[in-house]
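For reference, the structure is listed below as structure tokens.
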Amino acid sequence: MREDFQDELTRVNRTLVTMAKAVREAMRQASSALLTSDHTMAQQVTARDAEIDVLYRVVEDRVYDLVARQQPVAGELRKVLTALQVAADLERMGDLSVHVARAALRRHPAPAVVPELADLFREMSTVADGLAAKIVSALADQDAVLAAQLDRDDDAMDHLHRELFSVMLSPRWPLGVEAAIDGALLGRYYERYADHAVNVGHFVVFLASGKDD
Numbered sequence: 001m002r003e004d005f006q007d008e009l010t011r012v013n014r015t016l017v018t019m020a021k022a023v024r025e026a027m028r029q030a031s032s033a034l035l036t037s038d039h040t041m042a043q044q045v046t047a048r049d050a051e052i053d054v055l056y057r058v059v060e061d062r063v064y065d066l067v068a069r070q071q072p073v074a075g076e077l078r079k080v081l082t083a084l085q086v087a088a089d090l091e092r093m094g095d096l097s098v099h100v101a102r103a104a105l106r107r108h109p110a111p112a113v114v115p116e117l118a119d120l121f122r123e124m125s126t127v128a129d130g131l132a133a134k135i136v137s138a139l140a141d142q143d144a145v146l147a148a149q150l151d152r153d154d155d156a157m158d159h160l161h162r163e164l165f166s167v168m169l170s171p172r173w174p175l176g177v178e179a180a181i182d183g184a185l186l187g188r189y190y191e192r193y194a195d196h197a198v199n200v201g202h203f204v205v206f207l208a209s210g211k212d213d
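Numbering (full-length UniProt numbering), first residue to last: 1 to 213.
Right, dumping it as structure tokens:
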């Protein structure tokens, strides 16, 4: 691969790493706000989403500039477009963090998560953070092996998502429809966050190895 092209692609990747770190922190803060009814922290998540959007536009601009100036072909072009797809998934993960934070804001000062579901959402937030942490490391080190682990880690989120619905759909569920709807929406946000993390993992495998996983 041409050296100048690779240098510019490396700069794009550095921005993706910065973006991945911001996305991880956004969900960490959103989850904390959700579980502790922290109004201030939830507001910070919504306000800082603009920073993630700016990083996405930076990646987008750099990719388009790279295509225009370097005129990449074949595998080069696919790598550039893959970097743009990574940025799009990260941007969506940031949006999902905002959804979690807004759920906390809507119910404040009451908790958005009822006590019967708090442990499940605490576990989901832990899994989400683990997935985001691996994205940061995989992007920073171009580690295809680490990126490939995200598929397996997503299984834990899927299991928790199924368990969530098992609890809410049980005849013994004591809290009615409204609490169940809140739980279902929040569960969906975490489940989709994990799905986008897996997408990023697939793309990192290609960026690191030049091969589909």
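Backbone N, C-alpha and C define an ideal beta-carbon position, used for all residues, glycine too.
- Query: Roughly how many angstroms lie between the CA atoms of Q44 and A26, to the nearest whole one?
  - Reply: Locating residue 44 in the sequence shown gives position 44, where the first residue counts as 1. Locating residue 26 in the sequence shown gives position 26, where the first residue counts as 1. The alpha-carbon separation between Q44 and A26 amounts to approximately 9 Å.
- Task: Please report how far the alpha carbon of Q201 lies from the alpha carbon of Y64, in whole angstroms.
- Result: Taking the sequence shown and counting its residues from 1, one reaches residue 201 at position 201. Taking the sequence shown and counting its residues from 1, one reaches residue 64 at position 64. The identity of residue 201 in the sequence shown is Gly, whereas the question assumes Gln. Taking the straight line joining both Cα atoms gives about 23 Å.
- So is T36 buried or exposed if we call it buried at 16+ other beta carbons inside 10 Å? Taking the first residue of the sequence shown as position 1, residue 36 is located at position 36. Burial is judged here by how many other beta carbons sit within 10 angstroms of a residue's own beta carbon; T36 has fewer than 16 and is exposed.
- Message: When you compare the stretch 44-59 with the stretch 81-90, are there three or more beta-carbon pairs, one atom per stretch, that lie closer than 8 Å?
- Response: Enough Cβ pairs lie closer than 8 Å, so yes.
- Task: Could you tell me the distance, in whole angstroms, from the CA atom of H196 to the CA atom of H39?
- Result: In the sequence shown, residue 196 corresponds to position 196, counting from 1. In the sequence shown, residue 39 corresponds to position 39, counting from 1. Straight-line Cα distance between these residues: approximately 27 Å.
- Item | Proximity below 7 Å, CB of S97 to CB of A30 | Here residue 97 refers to the residue found at position 97 when the sequence shown is read from its first residue. Here residue 30 refers to the residue found at position 30 when the sequence shown is read from its first residue. Yes, these two residues count as a Cβ contact at 7 Å.
- When DSSP labels each residue in this structure, what does A74 get in the three-state scheme? Within the sequence shown, the letter at position 74 stands for residue 74. A74 falls in the helix class under three-state DSSP.
- Message: The alpha helix (DSSP H) that contains V167, what's its start and end?
- Response: For the purposes of this step, residue 167 is taken as the residue at position 167 of the sequence shown. V167 -> alpha helix (DSSP H) spans L150 to M168.
- Assuming L34 contacts A112 (C-beta within less than 8 Å), just tell me the rounded distance between them. Along the sequence shown, read from residue 1 onward, the residue named residue 34 stands at position 34. Along the sequence shown, read from residue 1 onward, the residue named residue 112 stands at position 112. Contact between L34 and A112 holds, since their C-beta atoms are separated by about 6 Å, short of 8 Å.
- Query: For S31, which of helix, strand or coil comes out of DSSP?
  - Reply: Along the sequence shown, read from residue 1 onward, the residue named residue 31 stands at position 31. Helix.
- Message: Any heavy atom of the ligand FAD inside 6 Å of the beta-carbon of T40?
- Response: This structure does not include the ligand FAD; it has no bound ligands of any sort.
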